[in-house]
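For the sequence shown, the residue numbers in the numbering used here are 31 to 522.
See below for the structure under consideration.
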Amino acid sequence: MTTPVAFDFAELDLEAIAGAEGRVVVLVGADGKLDKAARRVNRLTKGALQRAVDAEGFGKMKQGDARDLGFPAGLAAEALQLIKLDRNADGEAARKAGAAIGKALGGKSALILAPQHKCVEDVVLGSVLRAYAFKDHKTGNDNENGAQGGALKVMVTDATKAREAASAVAALAEGVFFTRDLVSEPSNVLTTTEFAARLEQLRDLGVEVEVLGEDELERLGMRTLLAVGQGSESPSQVVVMQWKGGASEAPFALIGKGVVFDTGGISLKPAGGMEDMTMDMGGAGVVAGVMKAIALRKAKANIVALVGLVENMPDGRAQRPGDVVRSMKGDTVEVINTDAEGRLVLADVLWYAQERFKPTGMVDLATLTGAIIIGLGHEMAGVFSNDDDLCDAFLKAAKTEGEGAWRMPLAPAYDKQLKSLIADMKNVGGRPAGSITAAQFLQRFVKEGVPWIHLDIAGVASVKSDTTLAPKGATGWGVLALNRLIADKYEG
Ligand code: BES
Ligand code: MN
Ligand code: ZN
């Protein structure tokens, strides 16, 4: 488990700056004016800060950019970090500034001097999120309990006000870290049972958690889900999580694809890059992170979350290409390609969610198609929806949180690609519009009138280079946007 860096606020104490150990961070706006704290730093460093601000390089820095002045004379700190950030900078720039702090932290502590800046909560969130490092399988690291080491102290003018503004930051960071840890975990560790066990720990936060095993899923008729997992030694499971923070209204539902490893099954994937399929539970991981965040901040909303946990393995008992399976809904599917397994899992979980909870709306998340990476790369998730209001609310939330999201079409014209000779549908629609036909497949399991969004996160759940708020690897994409969607639309 990875524990976010601790942080706290204090009122500006000029006398404490010289002796602060670790790193000291000063924020200077584009006008180059030094505030009270920066002036003290400048005096202590005998004008070094002013020289850095006057130097040509500072003019070229963008909002949120940073540079280090190493081993500054006059300070006990080993580095003085100068960040360009206007006092009234927006949340995005403030998070970027924070990310520069978090990236450079390296297990040290930092004193952040921000007596005049708005959005200090965004600076802190950016720092904490960017300081993430998954070290559970590195031997010899000194932070065996997963703590990132160090701590952040932010000096402000009104510590009470800042603490209040940042009240959700720790909850959000814990949610995002929960997702990132799950996505980072290898598949020999994060089996379906281990995943379920980690979700059961959310009970400690007041989330009701049920684990449905194979017998129960069989009784419910979830044959498309079970067919995917039948070649694995790990049992297929559906985990249902309920957060009842609202009144008596019907819940909003989150649904996640939790394929703990995707070999492709009998339609085996090529060896090169197959190891990346440890992240094929990314949708379920995001759902888990959102539940943790909203439980920690005690959201005033009713949210139900369901994840389908399976492993897609080739085996003597595995399903074959050409098999016909019956979904819980009753529709039959001809499994042309066993590697198009995510939609088979989601079909049953979507249907079950609607039958049992009659949700006011639902969002599913899945690392569903390689085709979405061809379309949108690693910058944006694909957004498919049958409801403009819900979709616009989500896109707005994603934009506010800086999580790339782009709406893609749904249209009945694509349905013909899913026609099967012997069953109600095939599970693949051929190469053209691969992400859209996958979404069209899912839509068959969404009831008339239920507002629904499908998020194809194959390109964004885990990436091979650093992003603003995450080191390379698991991003936690979607936790912040969905948390905001819930806050904006379902909490009062
Ligand atoms: N899990 C994959 C999709 C994926 C690809 C996720 C790359 C993350 C990165 C999914 O189950 C899959 O295999 N999809 C197939 C569908 C095809 C057989 C219709 C794909 O995209 O190739
Ligand atoms: Mn697959
Ligand atoms: Zn998959």
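Quick reminder that beta carbons are idealized off the backbone N, C-alpha and C, glycines included.
Bear in mind the structure is a predicted one, so any value in this text is a computation, not a measurement.
(request) Examine the Cβ distances between the stretch 320-330 and the stretch 258-268 and report whether three or more of them are shorter than 8 Å. (result) Under the Cβ criterion (8 Å, minimum of three pairs), the stretch 320-330 does not count as touching the stretch 258-268.
(request) Return the chain-ordered ranges of every beta strand (DSSP E) run that is complete within the stretch 66-101 and spans a minimum of 3 residues. (result) 96-100, all fully within the stretch 66-101.
(message) For a test of your reading of the model: does the CB of E371 fall under 7 Å from any non-hydrogen atom of the ligand ZN? Yes or no.
(response) Placement of the Cβ of E371 at a distance of less than 7 Å from at least one heavy atom of the ligand ZN is found.
(message) At the level of alpha carbons, what is the spacing between T32 and I483?
(response) I483 has its alpha-carbon roughly 30 Å from the corresponding atom of T32.
(message) Is the beta carbon of V213 closer than 8 Å to that of G372?
(response) For G372 and V213, no; Cβs fall outside 8 Å.
(request) With DSSP as the reference, label S415 as helix, strand or coil. (result) In the three-state DSSP reduction, S415 falls in the strand class (E or B).
(request) Could you check the C-alpha separation between M392 and A318 for me, to the nearest Å? (result) For M392 and A318, the distance between alpha carbons rounds to 15 Å.
(request) Please classify T22: does DSSP put it in a helix, a strand, or coil? (result) No answer is possible for residue 22: the residues shown for the chain start at 31 and end at 522.
(message) So, with DSSP's three-state summary, where would you put L406?
(response) It is helical.
(message) Looking at the secondary structure, which residues open and close the beta strand (DSSP E) in which E341 lies?
(response) Where E341 is concerned, the enclosing beta strand (DSSP E) starts and stops at N332 to N342.
(message) Quick check for students: name the residue ranges of the alpha helix (DSSP H) that lie wholly in the stretch 453-521, counting only runs of 4 or more.
(response) You should have 464-473 and 509-519.
(message) Just to confirm my understanding: we take Y382, look at its own chain, exclude 5 residues before and 5 after, and list those with CB closer than 8 Å. What are they?
(response) Result list for Y382: L250, M252, V268, L336 and M358, in chain order.
(message) Suppose you measure from the CA of G346 to the CA of I366; what does that come to, to the nearest Å?
(response) Those two C-alpha atoms are separated by around 18 Å.
(message) Going by beta-carbon coordinates alone, are V316 and D454 separated by less than 8 Å?
(response) No, they are not a contact pair.
(request) Count the other CB atoms, across all protein chains shown, that sit within 10 Å of the CB of V340; report buried if there are 16 or more and exposed otherwise. (result) Classification of V340: buried, given that the 10 Å Cβ count is 16 or more.
(request) Work out the CA separation of R69 and I47 for me, nearest whole Å. (result) Cα-Cα distance, rounded: 11 Å.
(message) Do L255 and L22 have their beta-carbon atoms positioned less than 8 Å apart in this structure?
(response) In the structure as shown, the chain begins at 31 and stops at 522. Residue 22 is therefore absent and cannot be evaluated.
(message) I'd like the span of the beta strand (DSSP E) that includes A129, first residue to last.
(response) For A129, no beta strand (DSSP E) run applies; the uninterrupted alpha helix (DSSP H) run containing it begins and ends at G121 to L135, by DSSP.
(request) With hydrogens ignored, establish whether the beta-carbon of D394 is closer than 7 Å to any heavy atom of the ligand BES. (result) No, the Cβ of D394 stays beyond 7 Å of every heavy atom of the ligand BES.
(message) In whole angstroms, give me the CA-to-CA distance for E51 and G180.
(response) Cα to Cα, the separation comes out at about 10 Å.
(request) Measuring only between beta-carbons, confirm whether L74 sits less than 8 Å from chain C. (result) Going by chain labels, chain C is absent from the structure shown, which holds only one protein chain.
(request) Ignore the nearest five residues each way along the sequence and tell me which others in V493's own chain have a CB closer than 7 Å to its CB. (result) So the list reads H408, K502 and T505, once near-sequence residues are dropped.
(request) Check whether the Cβ atoms of I402 and D486 lie closer than 8 Å to each other. (result) In this structure, D486 lies closer than 8 Å to I402 by Cβ.
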